[in-house]
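Undergrad: Residue numbers for the sequence shown follow our numbering, so the first one is 1 and each next one is one higher.
A virtual CB, placed ideally from N, CA and C, is assigned to each residue, including glycine.
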Amino acid sequence: AAEKMDPENPRITLLKAEDTYYTPEQFGGSKEKGIELFKKAQAQFAVYKSTSALSPSWGKAEVDYFLSQVGK
């Protein structure tokens with residue numbers, strides 16, 4: 001539902017990145033695909049504009065930190 005309402009919301013991509021990165025490969029996860037999703041979320045945060053002052057503001061620091069830890 002959230003993705004249909006705001007498909008360019010970087011927080012959606014961040015959550016997908018975490019799921020993909022931390023899920024074991026035998027269950028459909030992938031560290032490589034997860035990193036690509038973290039990079040996509042980082043790019044989305046660079047241009048994303050909140051629709052309201054009440055919109056959440058979390059996520060960008062988490063993406064930046066994760067990518068700094070994996071050296072990407």
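To the nearest angstrom, how far is the alpha carbon of Ser-28 from that of Thr-51?
TA: What sits at residue 28 in the sequence shown is Gly, not Ser. Between Gly-28 and Thr-51, the C-alpha separation is close to 33 Å.
Undergrad: Among the candidates Val-70, Ala-46, Ala-53, whose CA atom is the shortest distance from the CA of Gly-59?
TA: It is Ala-46.
Undergrad: Rounding to the nearest angstrom, what Cα-Cα distance links Pro-56 and Tyr-48 in this structure?
TA: Taking the straight line joining both Cα atoms gives about 12 Å.
Undergrad: Thinking just about the alpha-carbon of each residue, which of Pro-24, Gln-26, Thr-23, Gln-44 is nearest to the one in Pro-7?
TA: Answer by Cα proximity: Gln-44.
Undergrad: Could you have a look at Asp-6 and say whether DSSP puts it in helix, strand or coil?
TA: Three-state result, Asp-6: coil.
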